[in-house]
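The block underneath contains the structure these notes are about, expressed in structure tokens.
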Amino acid sequence: MSSFLSVRDLKVHFPTVDGVVKATDGLSFDLEKGSTLGIVGESGSGKSVSSSAILGLHRRTSAIVSGEILLDGVDLLKVSDEEMRRRRGKDVSMIFQDPLSAMHPYYTVGNQIGEAYRVHHDVSKKVAKARAVEMLDRVGIPQPDRRVDDYPHQFSGGMRQRAMIAMGLINNPSLLIADEPTTALDVTVQAQILDLLQDLQREFESAVIIITHDLGVVAEMADDVLVMYAGRAVEYGTTKEILTRPEMPYTWGLLSSIPEVGGDPNAALIPIPGNPPSLLSPPPGCMFHPRCTFQHLVEGDKCETELPDLVPGSRSETHLKRCHIRDSYLVYEQEVLPQIAPDLVEER
Amino acid sequence: MSNQGPIGFGDPNDEELPTFAGMPGDPLPTDVEESTDDAVTFIEPESAHAPSVAQPDAEAILEVRDLRMYFPVKSAGIIRRTIGHVQAVDGVSFQLPAGGSLGLVGESGCGKSTTGRLITRLYEPTGGTIVFDGKDITKTSARGLKPLRREIQMIFQDPYTSLNPRHTVGAIVGAPLAIHDVVPKNKILPRVQELLEIVGLNPEHYNRYPHEFSGGQRQRIGIARALTLQPKVLVADEPVSALDVSIQAQVINLLQDVQREFGIAFLFVAHDLAVVRHFCPEVAVMYLGKIVEIADRETLYNRPNHPYTQALLSAVPDVKQAAIGGRRERIRLEGDVPSPINPPSGCRFRTRCPLAQEICARVEPPLLQVGKRHKVACHFAGELGHHPDRPITASLLGVDDSGTPNPGATPSELVGDEPGYADTWFDLERKTMASSGS
Chain S
1 MSSFLSVRDL KVHFPTVDGV VKATDGLSFD LEKGSTLGIV GESGSGKSVS
51 SSAILGLHRR TSAIVSGEIL LDGVDLLKVS DEEMRRRRGK DVSMIFQDPL
101 SAMHPYYTVG NQIGEAYRVH HDVSKKVAKA RAVEMLDRVG IPQPDRRVDD
151 YPHQFSGGMR QRAMIAMGLI NNPSLLIADE PTTALDVTVQ AQILDLLQDL
201 QREFESAVII ITHDLGVVAE MADDVLVMYA GRAVEYGTTK EILTRPEMPY
251 TWGLLSSIPE VGGDPNAALI PIPGNPPSLL SPPPGCMFHP RCTFQHLVEG
301 DKCETELPDL VPGSRSETHL KRCHIRDSYL VYEQEVLPQI APDLVEER
Chain H
1 MSNQGPIGFG DPNDEELPTF AGMPGDPLPT DVEESTDDAV TFIEPESAHA
51 PSVAQPDAEA ILEVRDLRMY FPVKSAGIIR RTIGHVQAVD GVSFQLPAGG
101 SLGLVGESGC GKSTTGRLIT RLYEPTGGTI VFDGKDITKT SARGLKPLRR
151 EIQMIFQDPY TSLNPRHTVG AIVGAPLAIH DVVPKNKILP RVQELLEIVG
201 LNPEHYNRYP HEFSGGQRQR IGIARALTLQ PKVLVADEPV SALDVSIQAQ
251 VINLLQDVQR EFGIAFLFVA HDLAVVRHFC PEVAVMYLGK IVEIADRETL
301 YNRPNHPYTQ ALLSAVPDVK QAAIGGRRER IRLEGDVPSP INPPSGCRFR
351 TRCPLAQEIC ARVEPPLLQV GKRHKVACHF AGELGHHPDR PITASLLGVD
401 DSGTPNPGAT PSELVGDEPG YADTWFDLER KTMASSGS
């Protein structure tokens, strides 16, 4: 029995005049109902492109999507456009990052939320509006029967994001993709939205993919984490494994480049040097090697010539990493951790 | 491709950075030259990017006293009468030490960005005073502001909208030089290239347009532009929040490097508490136009006394939670920030405060100094879980515990509205005045 959502070797390639942009190149992951997958990575690492592919949002004329996306046993890449349209918003739905630009400024919030319902249910506008009020109430908007007639600009940022969530959940989707759902929000509102997402997930038993660059959000929300770099998964495993015993230098870089509010105040902030590579001409070998500061741990020029496979690390079968360094978790504990979190080393 | 491969910034051995102060034909103001004399030497890799340290004795380069900014709200229709005011900033006082950094944190709409813009005099304040380097700049005329712009510069949040898309990077970074006529026309380009190199960009790219750069690179352009005139005060308004995580660290380290080298004082406005903690030895928390707590970094983050600061800190998602699993216990704040057009009476936080009592609606809590470098505006100030049952401020304000004026009591003289810190403060434990000597 396979998982509820099973993505196998997903590739999204964009042919351009300059060459093929491999935005996602061979991505595989599984997700069960009721659990949460966090996808982390920088912009351009393929997080959003991959999730758009699950929703079938790529135009056939401009993107070549291949691989398998099995949702409850059905390959979403093989179904007709008509069928995909029936599923989109109902089985699979998405919450976008910027609710102001994701909502139409000329229509009321209630109208837009109700529309999402009417597309999939043969009901009158009145019923749809009542349903919209119900959803607005569910996501914690005060006086929903009055606010339903407001326009998006009359909502605060947090309320808009709640309205987006209401829109995304109005058809009880079994898979919800949240693309940076709290990035534009303040911390106390972010906490409210994350609480809400978690409550709703429990209530509807949805599978959730949360795309973010905030490792703190991932740590608190996700069961599994997938770290992406330049279109590929570079580390994949349970949240606890990935965030406490990361085995890939890119993940180390992510952890070392963010200050922590509760961390050691003397911890250094070690950025990842350079910029993400161009996806038009990705570097040969390991995509991360031009920015990697641990290449000397690998004999020869393996990093420059050979793309490492995503294989189990040395500690656990379920913790996959894409790195040539042997026993890299030891390198993390002995070299990286003392620099970024001296207080944690003592605890261990 | 501009974003291909590493550009070498962030490498501790990067030797290009510190060459700035000694560059040829550099029209450094003399006093800046003095302060950077010893910083001309290369930054040692071990000490590079160290978080800045508080210097309590440093003289204040900027002093803000009871600053107010009210934006009028106009009615619709032909006759647009003023029907109210957005009290964006309402009585803010603080000092910024020369070469130091003060962090301003708070949620959107709390007035932190407006405060930054007031200091750069992009707005004219409704009330209060801003004293920069001994001069009152609150009412300086537009003409008088021109020299001021050399001293106080700003880095904007959004590197996409703060750079003119029709100007080349060379024109953007060189514009301040041309406007202020500090170098001859033929020296502008080499100077621009040096600046680009300082901020970790390829100097050959001066003739490119902003859209050809990534977000992190654009922010570097913004920093180069702010550095062009070698200001004494830099207002950084959310300088990294639009950037990718790995790039954020590069920019933060770059800002720390330029601060150390040129002795620039930073007013660091951000909503990211962790970034502010990393950057600023002193932090002020704002809520709805007022400072609710201001303290040195250690006190504010480890022993916050204001319920809002406590809620704010508990709301930050923590990577360490991965080891435990699940969500962290947090103080839940309900609802949204109230409208600044018609803020709540008394304490502005009371509508969302878990501690609020009658007095909070009646009397506004003063920003009371409760430690050597710690001020808090709350009737029930105390560490989390140790908030007092009775308002500590009642006797000081001459009111009873419910906030009604008490004819028997005389209000004591409070150190509330003064910027900076006094030598005496109110000890929360003993409920008496204490001083640094005792």
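Protein sequence lines correspond, in order, to chains S and H.
Under our numbering, think of the first position of the first sequence as 1, with each following residue one higher.
Under our numbering, think of the first position of the second sequence as 1, with each following residue one higher.
Here a beta-carbon is modelled for each residue, glycine too, at the ideal position from N, C-alpha and C.
Pick from the options: whose alpha carbon is nearest that of residue i?
| i | options | result |
| --- | --- | --- |
| Leu428(H) | Pro388(H), Gln219(H), Pro419(H) and Ala422(H) | Pro388(H) |
| Ile258(S) | Asp75(S), Glu42(S), Leu5(S) and Ser35(S) | Glu42(S) |
| Cys286(S) | Arg322(S), Pro144(S), Gln198(S) and Lys129(S) | Arg322(S) |
| Ala323(H) | Ile272(S), Asp301(S), Thr239(S) and Pro338(S) | Thr239(S) |
| Leu320(S) | Tyr229(S), Glu235(S) and Gly110(S) | Glu235(S) |
| Gly216(S) | Gly157(S), Leu196(S), Asn171(S) and Thr182(S) | Thr182(S) |
| Trp168(H) | Pro176(H), His205(H) and Thr404(H) | Checking the sequence shown, residue 168(H) turns out to be Thr, not Trp. Out of Pro176(H), His205(H) and Thr404(H), His205(H) has the C-alpha closest to the C-alpha of Thr168(H). |
| Thr424(H) | His374(H), Thr82(H) and Arg65(H) | His374(H) |
| Asp145(S) | His153(S), Pro152(S), Leu136(S) and Tyr151(S) | Leu136(S) |
| Leu229(H) | Glu364(H), Leu195(H) and Phe132(H) | Leu195(H) |
| Ile210(S) | Ser48(S), Arg86(S) and Ser6(S) | Ser48(S) |
| Ser127(S) | Ser62(S), Phe288(S) and Gly114(S) | The residue you asked about is not Ser; residue 127(S) is Val in the sequence shown. Of Ser62(S), Phe288(S) and Gly114(S), the residue nearest in Cα terms is Gly114(S). |
| Leu313(H) | Gly262(S), Phe29(S), Leu55(S) and Asn172(S) | Gly262(S) |
| Ala315(H) | Val240(H), Pro304(H), Ile331(H) and Leu300(H) | Ile331(H) |
| Glu63(H) | Asp244(H), Ile137(H) and Met433(H) | Ile137(H) |
| Ser45(S) | Leu57(S), Glu32(S), Thr36(S) and Leu27(S) | Leu27(S) |
| Ala175(H) | Glu238(H), Asp272(H) and Leu227(H) | Leu227(H) |
| Phe71(H) | Gly111(H), Ile61(H), Glu59(H) and Asp57(H) | Gly111(H) |
| Ser278(S) | Gly200(H), Phe213(H) and Gly127(H) | Phe213(H) |
| Leu31(S) | Thr16(S), Ser50(S) and Ser6(S) | Ser6(S) |
| Thr393(H) | Glu151(H), His180(H) and Gln369(H) | Gln369(H) |
| Tyr151(S) | Tyr106(S), Val133(S), Asp224(S) and Gly237(S) | Tyr106(S) |
| Ser101(S) | His289(S), Gln295(S), Ala184(S) and Ser2(S) | Ala184(S) |
| Gly263(H) | Ile78(H), Ser101(H), Arg430(H) and Ile79(H) | Ser101(H) |
| Ala60(H) | Gly84(H), Val251(H), Gly99(H) and Arg225(H) | Gly99(H) |
| Arg220(H) | Gly170(H), Leu367(H) and His271(H) | Gly170(H) |
| Tyr301(H) | Lys146(H), Arg390(H) and Pro281(H) | Pro281(H) |
| Tyr308(H) | Val292(H), Gln321(H) and Pro317(H) | Val292(H) |
| Ala53(S) | Asp224(S), Lys78(S), Asn266(S) and Val40(S) | Lys78(S) |
| Ser75(H) | Leu67(H), Leu201(H), His85(H) and Gln250(H) | His85(H) |
| Phe279(H) | Asn266(S), Pro290(S), Glu333(S) and Ile141(S) | Asn266(S) |
From the DSSP output, read off the bridge partner residues of residue i.
| i | result |
| --- | --- |
| Val227(S) | Val40(S) and Glu235(S) |
| Leu67(H) | Val92(H) |
| Lys321(S) | Glu235(S) and Val311(S) |
| Lys290(H) | Tyr287(H) |
| Asp179(S) | Ile211(S) |
| Gln369(H) | Lys375(H) |
| Phe156(H) | Phe156(H) is not bridged to any residue. |
| Ile359(H) | Note: Ile359(H) sits in no beta bridge, so no partner. |
| Ala60(H) | Pro97(H) |
| Val269(H) | Leu104(H) and Asp237(H) |
| Lys240(S) | In DSSP, Lys240(S) forms no bridge with anything. |
If you follow the beta strand (DSSP E) that residue i is in, where does it begin and where does it stop?
| i | result |
| --- | --- |
| Lys185(H) | No beta strand (DSSP E) contains Lys185(H), which is instead part of the alpha helix (DSSP H) from Lys185 to Ile198. |
| Asp25(S) | Gly19 to Leu31 |
| Lys82(S) | At residue 82(S) the sequence reads Glu, which differs from the Lys that was named. Premise fails: Glu82(S) lies in the alpha helix (DSSP H), Asp81 to Arg87, not in any beta strand (DSSP E). |
| Leu70(S) | Ile64 to Leu71 |
| Leu234(H) | Val233 to Asp237 |
| Ile252(H) | Here Ile252(H) belongs to no beta strand (DSSP E); instead the alpha helix (DSSP H) covers Val245 to Phe262. |
Could you check where the alpha helix (DSSP H) with residue i kicks off and where it finishes?
| i | result |
| --- | --- |
| Ser6(S) | No alpha helix (DSSP H) holds Ser6(S); the beta strand (DSSP E) holding it covers Leu5 to Thr16. |
| Phe204(S) | Val187 to Phe204 |
| Leu396(H) | Ala394 to Leu397 |
| His278(H) | Leu273 to Phe279 |
| His180(H) | Val169 to His180 |
| Thr305(S) | Lys302 to Thr305 |
| Ile54(S) | Lys47 to Ile54 |
| Asp145(S) | Pro144 to Arg147 |
| Val109(S) | Val109 to His120 |
| Asp137(S) | Lys125 to Arg138 |
Measuring only between beta-carbons, confirm whether residue i sits less than 8 Å from chain C.
| i | result |
| --- | --- |
| Leu136(S) | The displayed structure is made up of protein chains S and H, and chain C is not among them. |
Taking residue i and residue j to be in contact with their CB atoms under 8 Å, please state how far apart those CB atoms are, rounded to whole angstroms.
| i | j | result |
| --- | --- | --- |
| Gln153(H) | Leu234(H) | 5 Å |
| Glu358(H) | Gly403(H) | 6 Å |
| Leu288(H) | Pro343(H) | 6 Å |
Task: Every unbroken alpha helix (DSSP H) inside the region 92-154 of chain H [4 residues or more] - done: 112-119 and 142-151
TODO: Please specify which runs of the alpha helix (DSSP H), each continuous and at least 4 residues long, are wholly inside the region 302-349 of chain H, giving them in chain order.
DONE: 307-315 and 321-324
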